[in-house]
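For what it's worth, the numbering used here labels the leading residue of the sequence shown as 1, then goes sequentially.
Using N, Cα and C, we set each Cβ at its ideal position, and we do this for glycine too.
Everything below concerns the one structure shown next.
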Amino acid sequence: MLAVIVSLGIDNLVVSTAIGLSGARNKFRTALAFSLFEAIMPLFGFFLGSSLGNLFEEWAFYAGVVLLFGIGVYFLLEDEAEDERLVHRLAGALRGTTLLITGILISLDEMFVGSSYGLIGLPVLETSMILGVQAFFFTWLGISFAQKIQPLLGKKAEKVPGLILIVLAAGLLIDRFV
Numbered sequence: 001m002l003a004v005i006v007s008l009g010i011d012n013l014v015v016s017t018a019i020g021l022s023g024a025r026n027k028f029r030t031a032l033a034f035s036l037f038e039a040i041m042p043l044f045g046f047f048l049g050s051s052l053g054n055l056f057e058e059w060a061f062y063a064g065v066v067l068l069f070g071i072g073v074y075f076l077l078e079d080e081a082e083d084e085r086l087v088h089r090l091a092g093a094l095r096g097t098t099l100l101i102t103g104i105l106i107s108l109d110e111m112f113v114g115s116s117y118g119l120i121g122l123p124v125l126e127t128s129m130i131l132g133v134q135a136f137f138f139t140w141l142g143i144s145f146a147q148k149i150q151p152l153l154g155k156k157a158e159k160v161p162g163l164i165l166i167v168l169a170a171g172l173l174i175d176r177f178v
């Protein structure tokens, strides 16, 4: 169970670091939202059932990889003036609908893990609560880390989220096929 929890937490750490480097500052709101989704989505997956989860698992995985890669490329290729405007938009945009959508997207893997809880013998409620706590911790840690290194990176910090997302997408594909 620890391996599942830590591997899912790494996803939050990477994404929240990218969010922090984009200028987002409200650690508590972001960590709370991500932790709620990370705790609720496995329950949703469990009730959805493993047979339905298996049907969509491959599609969701590849859609997530393409989305991560595409956003990463967008961050890298965008011109500096537009990049500056985007960073300011992202810094203030992680609330409301944007936060809701980001929370759902980051917790889709937990939904599919939840669909197999019964099959692998994990206690549903306890594991979901632990996932919520780890999500809060890793999100807080990622944004805090980003806030510390952003001054060191200067203008390059605006490109780092793109690199992180591309590396994450590539790592997910490599992990899937190796």
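- Backbone CA spacing between leucine 99 and threonine 30 [nearest angstrom]: On the sequence shown, position 99 is the one that residue 99 refers to. On the sequence shown, position 30 is the one that residue 30 refers to. Each residue's CA atom was taken as its position, placing leucine 99 and threonine 30 some 7 Å apart.
- Query: How would you call threonine 17, buried or exposed, if buried means at least 16 neighbouring beta carbons within 10 angstroms?
  - Reply: Position 17 of the sequence shown, counting from 1, holds the residue named residue 17. Threonine 17 is buried by the Cβ-count criterion.
- Given a cut-off of 8 Å, decide if asparagine 26 and threonine 188 are closer than it, judged by their beta-carbon atoms. Lying outside 1 to 178, the shown extent of the chain, residue 188 is not represented and no answer is given.
- Would you decide whether valine 15 is buried or exposed? Buried here means 16 or more other CB atoms lie within 10 Å of its CB. The residue labelled residue 15 in the question sits at position 15 within the sequence shown. Buried, because 16 or more other Cβ atoms sit within 10 Å of the Cβ of valine 15.
- Item | First and last residue of the uninterrupted alpha helix (DSSP H) at serine 107 | By 1-based counting over the sequence shown, the position of residue 107 is 107. Careful: serine 107 lies outside any alpha helix (DSSP H) and carries neither H nor E.
- Which stretch, first to last residue, makes up the alpha helix (DSSP H) that contains serine 144? One-based indexing of the sequence shown puts residue 144 at position 144. Run containing serine 144: 124 to 153, per the alpha helix (DSSP H) assignment.
- Message: Please classify valine 178 as buried or exposed, where buried requires at least 16 other C-beta atoms within 10 Å of its C-beta.
- Response: Within the sequence shown, residue 178 is the residue found at index 178, counting from 1. Sixteen is the threshold: since fewer than 16 other Cβ atoms of the shown chains lie within 10 Å of the Cβ of valine 178, the residue is exposed.
- Query: With 16 as the cutoff for other CB atoms within 10 Å, does glycine 9 come out buried or exposed?
  - Reply: Within the sequence shown, residue 9 is the residue found at index 9, counting from 1. Classification of glycine 9: buried, given that the 10 Å Cβ count is 16 or more.
- Message: Below 8 Å, how does it come out for the region 30 to 48 and the region 146 to 160: are there three or more Cβ pairs, yes or no?
- Response: With fewer than three CB-CB distances shorter than 8 Å, the region 30 to 48 does not count as touching the region 146 to 160.
- Item | Same chain only: Cβ atoms within 6 Å of alanine 135, ignoring 5 sequence neighbours per side | On the sequence shown, residue 135 is found 135 positions in, with the first residue counted as 1. Only residues of its own chain outside the window of five on either side were considered, and among them Asn12, Phe34, Ser35, Glu38 have a CB closer than 6 Å to the CB of alanine 135, listed in chain order.
- alanine 18 - DSSP class collapsed to helix/strand/coil: The residue you call residue 18 lines up with position 18 of the sequence shown. In the structure shown, alanine 18 sits in a helix (DSSP, three-state: H, G or I).
- Smallest Cα separation from valine 167: which of Leu43, Ser22, Val66, Gly103? As a working note, residue 167 is residue 167 in the sequence shown. Out of Leu43, Ser22, Val66, Gly103, Val66 has the C-alpha closest to the C-alpha of valine 167.
- Query: Is DSSP giving arginine 176 helix, strand or coil here?
  - Reply: The residue you call residue 176 lines up with position 176 of the sequence shown. Arginine 176: helix per DSSP, three-state reduction.
- Bounding residues of the alpha helix (DSSP H) (the contiguous stretch that carries glycine 45): Here residue 45 is taken as the residue at index 45 of the sequence shown, counted from 1. Per DSSP, the unbroken alpha helix (DSSP H) holding glycine 45 starts and ends at 27 to 48.
- Which whole-angstrom value is the C-beta distance of glycine 70 and glycine 162, which I expect to be below 8 Å? Position 70 of the sequence shown holds residue 70. Position 162 of the sequence shown holds residue 162. That pair is no contact at about 10 Å.
- Query: If you run the structure through DSSP and keep just helix, strand and coil, what is histidine 88?
  - Reply: For the purposes of this step, residue 88 is identified with residue 88 of the sequence shown, where counting begins at 1. In this prediction, histidine 88 scores a pLDDT of 49, lower than 50, which makes its location untrustworthy; no coordinate-derived value is stated.
- lysine 159 by DSSP, collapsed to three states: which one? Residue mapping note: residue 159 aligns to position 159 of the sequence shown, counting from 1. When DSSP states are grouped into helix, strand and coil, lysine 159 belongs to the coil group.
- Query: Looking at proline 42 and serine 128, is the spacing between their C-beta atoms short of 8 Å?
  - Reply: Position 128 of the sequence shown, counting from 1, holds the residue named residue 128. Position 42 of the sequence shown, counting from 1, holds the residue named residue 42. Going by C-beta atoms, serine 128 is nearer than 8 Å to proline 42.
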